[in-house]
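There are 2 protein chains.
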Amino acid sequence: MLIADLQAMTDNASDPAKVARNVLEMALDYLAVGIDPALTTICVQSALPALAEMTLLSLNYVSVARLERNPTVKEEIRARGFERDVPAGFLCYPVAQAADIIGFAATLVPVGADQLPMIEQTNELVRRINRQAGDSVLAEAEAMLSVAPRLPGIDGQGKMSKSAGNAIALAATPDEIRAAVRAMFTDPGHLRATDPGRVDGNVVFAYLDALDPDQAEVEELKGAYRCGGVGDAVIKRRLEDLLQALLEPIRARRTQLVRDRGYVVEMLRAGSGVAHAVTQQTLRRVRDGLGLTSFA
Amino acid sequence: MLIADLQAMTDNASDPAKVARNVLEMALDYLAVGIDPALTTICVQSALPALAEMTLLSLNYVSVARLERNPTVKEEIRARGFERDVPAGFLCYPVAQAADIIGFAATLVPVGADQLPMIEQTNELVRRINRQAGDSVLAEAEAMLSVAPRLPGIDGQGKMSKSAGNAIALAATPDEIRAAVRAMFTDPGHLRATDPGRVDGNVVFAYLDALDPDQAEVEELKGAYRCGGVGDAVIKRRLEDLLQALLEPIRARRTQLVRDRGYVVEMLRAGSGVAHAVTQQTLRRVRDGLGLTSFA
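Protein sequences, first through last, are from chains P and D.
Residue numbers in the first sequence follow the working numbering, run continuously in steps of one, and reach 296 at the last position.
Residue numbers in the second sequence follow the working numbering, run continuously in steps of one, and reach 1296 at the last position.
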């Protein structure tokens, strides 16, 4: 797993301290949910210079016009209100992302559906570089879409986002979890338990769909909720119990890890060391394929 | 001295073999004209990952609109006929150039007048990064303009350029030198020695101005040429003798060096090793100044 701190700089250049903080927070989250660094290499983008070099190399194989057409970039430029003041790094980030994939010679990439244009951009670069090299130095990547849909924000406004304040953190305290579930968007027309309620767009049901181990009971509840017979309190109580049980051990592990930051930093260094070797090897293969001599 | 092979890729992405070849050619030229690697570090850009990282970091501190306004880039995009198909790497190359200067913490940069916008771009980045760091982690750079004007191409059409075929190579044979001087643009209206001739725009005089150790005699010749009394054969003969004497020892050293490519490659590796340490140190200072943690 790659913690993309350099990419985070493309829209946080005026707050690098936040980027630095989030590297550790993300590593803590990964470890807290049970990712085992003995099985999964966790590494940091800025510790892998081969990715920066691969990005610069790849930028020569894509036009400015092509980057400006990238639907994800277009949407995010709009959402951030960058317009003509879009930082060059932001326009180039699909190439940096492609280099992250290419650098590891990844062929299967777990992404959300909104990231499919990034895989497309990656494969365009792979084909362009292979054509230039006259050889298959790189393999195309395939997207691995999750079967679980993305969880909505608790306000029902788009996806969860810390900065939008509509997320539940993995480190949330029991009180924060309770407050978040209470504030969750359900059906504004469902004022009394006996009123018929809407299930679609109801954030509580979206979470129950994704997390409840007893999906048969969830279906029953949905039926009753639709007809009018189940209050918000009932479904919110069910979800809160579920979230409290789910997050309690994660929070406990996280609390313990926070006390041992030295271990987390060391884990990131070790993982980055492993990733460094892999990415250097890919860079060398690409450079050799293109006929570029290495003087490093 | 930095051999900017990655930058050469920004407009030679479809001919990387040429870029690889030119790295060695340039190193041969440097050594042949007498640059002593014991006194001057000669290094290769692609062997210095800190420059790639500094480029990516810096791209976040400049807008796409600012890059598009760069007069040198605008002019070169026009000259190359890139238009909307300009490679992203080409648009970004002023930032890569700035990173080359920043990476060495250079304060004095020898450039041609056409490169002044690059120094301006560099200093904009230096100020932006210092402001972000809240500290002077980088110093501004100053241009060092040569007192000798740029030599024109032998056809009088702009600057010398190998690809335009109007250059005299340092490795040119005596015959090639003779042919180049004979073909030099003088004054198309100066048909007979007795006709008055133009000195301005006359390539032979431009070279004599730049290279002849006896400038008093050159001034005398100019006077006579203007009045009509000196034929092109005379000034061309003088220049040819000068160039033959100037280039003979350079060509001899070059011929010897070509036989020992292993030495040249080793020299570039050693120089790049020295430069690697310097550029890593600057990168570290910038990252520390911005508050970014290093996991490498």
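Where is the CB? At the ideal position from N, CA and C, for every residue including glycine.
* Taking the CB atoms as reference points, tell me whether ALA1275(D) and THR1041(D) lie closer together than 8 Å. => yes
* To do: Please report how far the alpha carbon of THR1055(D) lies from the alpha carbon of THR55(P), in whole angstroms.
  => 10 Å
* To do: Report back the beta-carbon spacing between LEU91(P) and LEU67(P) to the nearest angstrom; my notes put them in contact at under 8 Å.
  => 5 Å
* Whole-angstrom distance between ALA1171(D) and ILE1250(D), CA atom to CA atom -> 7 Å
* **7 Å CB neighbourhood of TYR1061(D) in its chain, flanking five on each side removed** => LEU1125, ARG1128, ILE1129
* Chain-ordered chain D contacts of SER272(P) [CB-CB under 9 Å] -> PHE1295, ALA1296
* To do: Would you please verify whether the beta carbon of LEU57(P) is less than 8 Å from any beta carbon of chain D?
  => yes
* Amino acids of chain P, ordered along the chain, whose beta-carbon sits closer than 7 Å to that of ARG1269(D) -> Under the 7 Å cutoff, chain P gives PHE295.
* So is MET1144(D) in contact with chain P if we call contact Cβ pairs under 8 Å? -> no
* Touch check for the stretch 210 to 219 of chain P and the stretch 187 to 202 of chain P: three-plus C-beta pairs under 8 Å? -> no
* Relative to the alpha-carbon of PRO1037(D), which residue among PRO1188(D), GLY1271(D), ARG1284(D), GLY1289(D) has its alpha-carbon at the smallest distance? -> The option with the nearest alpha carbon to PRO1037(D) is GLY1271(D).
* Contacts around PRO1196(D), its chain only, beta-carbon distance under 7 Å, and the 5 residues preceding and following it disregarded -> ARG1226, CYS1227, GLY1228
* Endpoints, beta strand (DSSP E) assigned at VAL1064(D) -> Counting along the chain, VAL1064(D) falls outside any beta strand (DSSP E), though it belongs to the alpha helix (DSSP H) covering 1064 to 1069.
* Contact list for ASP85(P) against chain D, beta-carbon separation under 7 Å -> SER1063, ALA1065
* Asked: Given that PRO37(P) touches chain D, what residues does it touch there, using C-beta distances under 7 Å?
  -> When 7 Å is used as the limit between beta carbons, PRO37(P) is near no residue of chain D, the shortest such separation being about 13 Å.
* According to DSSP, what are the bridge partners of LEU268(P)? -> LEU268(P) is not bridged to any residue.
* To do: Kindly list, in the order they appear in chain P, the residues whose Cβ is closer than 8 Å to that of VAL1019(D).
  => LEU292
* **Assigned secondary structure, CYS1227(D) (DSSP; H/G/I helix, E/B strand, else coil)** => helix
* Just the chain P side, please: which residues come within less than 7 Å of ASN1060(D) by C-beta, in chain order? => MET9, THR10, ALA13, PRO87, GLY89
* To do: Return no unless some Cβ of chain D is closer than 8 Å to the Cβ of GLU53(P).
  => yes
* Asked: What residues of chain P sit near ALA1275(D), judged by a beta carbon separation below 8 Å?
  -> Those within 8 Å of ALA1275(D) in chain P number zero; the least Cβ separation is about 10 Å.
* Asked: What number of angstroms, rounded off, separates the C-alpha of ILE1235(D) from the C-alpha of GLY1189(D)?
  -> 16 Å
* Can you list, in chain order, the residues of its chain whose CB lies under 6 Å from that of ASP1155(D), leaving out five sequence neighbours each side? -> ASN1166, PHE1185
* Along chain P, which residues have their Cβ under 9 Å away from the Cβ of PRO1049(D)? -> Those are PRO49, ALA50, ALA52, GLU53, ALA296, listed as they occur along chain P.
* To do: Go ahead and pull the three-state DSSP assignment for VAL1086(D).
  => coil
* Should VAL147(P) go down as buried or exposed, given a rule of 16 or more other Cβ atoms within 10 Å for buried? -> Per the 10 Å Cβ criterion, exposed.
* DSSP state of ALA1017(D) mapped onto helix, strand, coil -> helix
* Asked: In chain D, which residues lie less than 8 Å from GLN132(P) when you measure between Cβ atoms?
  -> Listed along the chain, the chain D residues whose CB falls inside 8 Å of the CB of GLN132(P) are ALA1013, SER1014, PRO1016.
* Take every Cβ of the stretch 1071 to 1090 of chain D, pair it with every Cβ of the stretch 43 to 55 of chain P, and state whether three or more of those distances are shorter than 8 Å. => no
* To do: Please state whether DSSP places LEU1002(D) in a helix, a strand or coil.
  => Here LEU1002(D) sits in strand by DSSP.
* Within 8 Å, strictly: CB atoms of PRO152(P) and LYS159(P) -> yes
* To do: From the DSSP output, in three-state form, read off GLU140(P) for me.
  => In this structure, GLU140(P) counts as coil in the three-state DSSP scheme.
* **Rounded distance between the beta-carbons of VAL23(P) and ASP5(P), thought under 8 Å** => 5 Å
* **Under 8 Å by beta carbon: chain P residues contacting ALA1096(D)** => LEU56
* 6 Å CB neighbourhood of ARG1285(D) in its chain, flanking five on each side removed -> VAL1137
* **Outcome for THR1107(D) when other beta-carbon atoms lying within 10 angstroms are tallied against a minimum of 16** => Exposed.
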